[in-house]
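Enquirer: Residues -23 to -1, 1 to 563 in mature numbering (1 follows the signal peptide of the UniProt record, and there is no 0) are what the sequence shown spells out, letter by letter.
From the three backbone atoms N, C-alpha and C, an ideal C-beta is built for every residue, glycine too.
These numbers were taken from a predicted model, which means no experiment stands behind them.
What follows is a single structure, and I will ask about it in a moment.
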Amino acid sequence: MAPFQKLLFFSLLSYCLSSSISAIDVSRDGRALTIDGERRIIHSGSIHYTRSTPEMWPDLIQKSKEGGLNTIETYVFWNAHEPERRQYDFSGNLDLVRFIKQIQDTGMYAFLRIGPYACAEWNYGGYPVWLHNIEGIEMRTNNDVYKKEMQNFTTYIVDLMKKEKLFASQGGPIILAQIENEYGNVMGPYGDAGKEYINWCATMANSLDIGVPWVMCQQSDAPLPMINTCNGWYCDQFTPSNPNSPKMWTENWTGWFKGWGEPDPHRTAEDLAFAVARFFQLGGTFNNYYMYHGGTNFGRVAGGPYIATTYDYDAPLDEYGNLNQPKWGHLKELHLLLTSMEKVLTHGDVSSIDYHNIVSATIYSFNGTSSCFLSNANDSADATISYQGTNYTLPTWSVSILPDCKAVAYNTAKVNTQTSVFVKKPNQAEDEPIALSWTWRPEHIKHTVNHGLGSFSAKQIIEQKAATNDSSDYLWYMTSVHLDKDDLVLGDDLTLRVNTTGHVLHAYVNGKHIGSEWSQGGSYQFIFEQKVKLKKGKNQLTLLSVTVGLKNYGSFFYDTPVGLGGVQLVRNHSDGLKIIKDFSSN
């Protein structure tokens, strides 16, 4: 063979070998995800790159690995990456590629939930408001206008990941992807169009050829080859709709989000560990904590309305990335133990013993070895059982794990990790008075309102999302009325009545603040009423409507109006309130 031919041959051989070595084969069967042909137990945790900073990512991911995880999950947020149609942003803490590569550099897998509807207590569920304002669109249903936009963004993200070789099939860390999100929870009101839509989602996602499995969470009728998965506090009773799909838990809620003025949510380490152990006892092999690190809702990204800036979530890593003990340590022990039992849990024959009163034993046997779970799901009484001639006491609401079916190595109700308490102290700047320098700037109304047109006039009240395109939380509504000296509107018994869905309202008459009000008690609309006294001549009525996060969940949540619904001047009359002037339309 000529030297050049030999060189070419060996170069091609080297390339083929390196390609085959770097590529990772990810599949699934009825027991588990398989990676390069081996069934694997997946311990995953949610870390949203947008809720922390790039400087925090290495430490957060490393602490997750040290906590016994092997996978990091994140949503992809459409409105963050495409704030204006066909204008994309992956800068700063939106650098998704950098985040995924950091996961890979730490030696972990990634689970990419593209959606692109996210929920996630994120403003408008992750949808860009410009999407809602496209003519002829009906979102999250079998609508061609919407499907075109959804496919465009999904394809954009997939192509970006492919370009950087981040899918496992290319040697990257992404072993799993998700299309749509919890659609089964809200699907009913969409009727047949919803069923057609979810089938289209599966076909579209599958056509992108990413080389790793797709999941649909909370979607019992997920079309093949989609894997339907469970979200919730407990998923031990969940059964996949397809017997050839593994039992997977995509959202195991470590706590909960916080609303404005509400107490900090809390889920005990014992209860969370119990839920995980029960899930693996009854055949689960993939568990993702939502959240493992919650982080912070920076800027205007919090949904709701009235979801707090903190997204701590009582997660194993707190808002700032510190270990939340004992939760982090108690779960770490569980992860390491379950991983040591990986072969028997994913290959073993399974048998069980019912001790009644929701007390049970599950035995996994493989190649002459056995591992056991002893479970007491009674929440009010301990239990003592006999197994293979030995008595075991099971605390209430707990699972004992015996990797050799003899000695208890772990009980979910017995916490060995010391509790950590962080005390917040003022920094030096707060202890010692220093001269402060303040700057301020006006809000750039011309860039936010009415698609860049700034202030404008209309003959009727405009819905706030349509006017601001969600570039601002604030919208001023202004009108004037001219009164002659004998006008009936003059008088002391006049009331301004405003029907609003805008979360917060500040009202002014002739430049004077007359009152403010905000929605309460879980209702996001209210009627503002305030006595007013108008003058002869020109009267200026100014109303400032404020949103505190756009709704992010529910059937047709995106159609929920915000802003003023009606503005009237009313007066008490013998037969009830009489409308003197209606400003809602002219």
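Quick one, are the C-beta atoms of residue 313 and residue 22 less than 9 angstroms apart?
Expert: It is not a contact, given that the beta carbons lie outside the stated cut-off.
Enquirer: Can you look up residue 544 in the DSSP assignment and give me helix, strand or coil?
Expert: Strand, per DSSP.
Enquirer: In the DSSP assignment, find the alpha helix (DSSP H) that holds residue 178 and state where it starts and stops.
Expert: Unbroken alpha helix (DSSP H) run through residue 178: 168 to 184.
Enquirer: Taking the C-alpha atoms as reference points, what is the distance between residue -8 and residue 82?
Expert: In this prediction, residue -8 scores a pLDDT of 39, lower than 50, which makes its location untrustworthy; no coordinate-derived value is stated.
Enquirer: For residue -2, tell me which candidate among 380, 353, 145 and 74 has the shortest Cα-Cα distance.
Expert: The candidate whose alpha carbon is nearest that of residue -2 is 145.
Enquirer: Using a threshold of 9 angstroms, state whether the C-beta atoms of residue 378 and residue 542 are closer than that.
Expert: Result no, Cβ atoms of residue 378 and residue 542 do not sit closer than 9 angstroms.
Enquirer: Judging by CA-CA distance, which residue of 14, 59 and 515 is the nearest neighbour of residue 486?
Expert: The shortest C-alpha separation from residue 486 is found at 515.
Enquirer: Relative to the C-alpha of residue 392, which residue among 418, 327 and 248 is closest?
Expert: Per the Cα distances, 248.
Enquirer: Counting only the same chain and skipping the five closest in sequence on each side, list residues whose C-beta sits under 7 angstroms from that of residue 309.
Expert: Hits under 7 angstroms: 44 and 45.
Enquirer: Is the CB-CB distance between residue 351 and residue 328 below 9 angstroms?
Expert: Taking 9 angstroms as the Cβ cut-off, residue 351 and residue 328 do not qualify as a contacting pair.
Enquirer: Do residue 92 and residue 158 have their C-beta atoms within less than 9 angstroms of each other?
Expert: The answer is yes: Cβ separation under 9 angstroms.
Enquirer: Does the region 52 to 71 come within contact of the region 29 to 43, defined as at least 3 CB pairs closer than 8 angstroms?
Expert: Verdict: yes, contact present.
Enquirer: Look at residue 450 and residue 523 and say whether their C-beta atoms are less than 9 angstroms apart.
Expert: Cβ distance < 9 angstroms, so residue 450 and residue 523 count as in contact.
Enquirer: Considering only residues of the same chain and omitting the five flanking positions on each side of residue 280, which have a CB-CB separation below 6 angstroms?
Expert: Answer for residue 280: 98, 99, 100, 526 and 529, listed in chain order.
Enquirer: On the criterion of 16 or more Cβ atoms from any shown chain inside 10 Å, does residue 270 qualify as buried, or is it exposed?
Expert: By the neighbour-count rule (16 or more Cβ atoms within 10 Å), residue 270 is buried.
Enquirer: Which residue from 169, 186 and 108 puts its Cα closest to that of residue 139?
Expert: Of the candidates 169, 186 and 108, the one whose C-alpha sits nearest the C-alpha of residue 139 is 186.
Enquirer: What residues match up with residue 515 in a beta bridge as DSSP calls it?
Expert: Answer is 459.
Enquirer: Excluding five sequence neighbours on each side, which residues of the same chain lie with their C-beta closer than 8 angstroms to the C-beta of residue 562?
Expert: Same-chain partners within the cutoff: 436, 437 and 438.
Enquirer: Roughly how many whole angstroms lie between the Cα atoms of residue 244 and residue 9?
Expert: Each residue's alpha carbon lies about 28 angstroms from the other.
Enquirer: Given residue 35, which residues of its chain have a CB within under 7 angstroms of its CB, disregarding the five upstream and five downstream residues?
Expert: The answer, listed in chain order, is 79.
Enquirer: Under 8 angstroms, with one C-beta from each stretch per pair, do the region 218 to 235 and the region 274 to 292 reach the 3-pair mark?
Expert: Flag = yes, the region 218 to 235 and the region 274 to 292 touch.
Enquirer: Would the region 210 to 222 and the region 248 to 257 be scored as touching if the rule is three or more Cβ pairs under 8 angstroms?
Expert: Short answer: they touch.
Enquirer: Which of the three DSSP states, helix, strand or coil, is assigned to residue 564?
Expert: The question about residue 564 has no answer, for the chain in this structure spans -23 to 563.
Enquirer: I'd like the list of long-range same chain contacts for residue 265, defined as Cβ closer than 6 angstroms, with 5 residues on each side in sequence excluded.
Expert: Excluding positions up to five away in sequence, the list reads 21, 50 and 227.
Enquirer: Would you mind listing the beta strand (DSSP E) stretches within the region 68 to 138 that are 3+ residues and don't spill past its ends, in chain order?
Expert: 86 to 92, all fully within the region 68 to 138.
Enquirer: With 16 as the cutoff for other CB atoms within 10 Å, does residue 90 come out buried or exposed?
Expert: Its Cβ being crowded by 16 or more others within 10 Å, residue 90 is buried.
Enquirer: Taking a contact to mean a Cβ-Cβ separation below 9 angstroms, would you say residue 606 touches residue 445 in this structure?
Expert: The structure shown does not extend to residue 606, since the chain is modelled only from -23 through 563, so no value can be given for it.
Enquirer: Whole angstroms is fine: what's the gap from residue 126's alpha carbon to residue 536's?
Expert: Those two C-alpha atoms are separated by around 17 angstroms.
Enquirer: Going straight from the alpha carbon of residue 532 to that of residue 288, what length do you get?
Expert: When rounded, the distance between both Cα atoms is 24 angstroms.
Enquirer: Could you check the C-alpha separation between residue 195 and residue 95 for me, to the nearest Å?
Expert: Roughly 13 angstroms separates the two Cα atoms.
Enquirer: Give the secondary structure of residue 379 by DSSP, where H, G and I count as helix, E and B as strand, and everything else as coil.
Expert: In this structure, residue 379 counts as strand in the three-state DSSP scheme.
Enquirer: If I measure Cβ to Cβ from residue 388 and keep anything under 6 angstroms in the same chain, skipping five residues before and after, which residues do I get?
Expert: For residue 388, where only same-chain residues beyond five positions count, the Cβ hits under 6 angstroms are 375 and 377.
Enquirer: Assign residue 32 to one of three DSSP states: helix, strand, or coil.
Expert: If DSSP states are grouped into helix, strand and coil, residue 32 belongs with coil.
Enquirer: Under 9 angstroms between the Cβ atoms of residue 509 and residue 472?
Expert: Cβ distance < 9 angstroms, so residue 509 and residue 472 count as in contact.
Enquirer: Determine whether the beta carbon atoms of residue 134 and residue 189 lie at a separation below 9 angstroms.
Expert: It is not a contact, given that the beta carbons lie outside the stated cut-off.
Enquirer: Under the rule that 16 or more other beta-carbon atoms within 10 Å means buried, what is residue 643, buried or exposed?
Expert: Shown here, the chain extends from -23 to 563; a query on residue 643 therefore has no answer.
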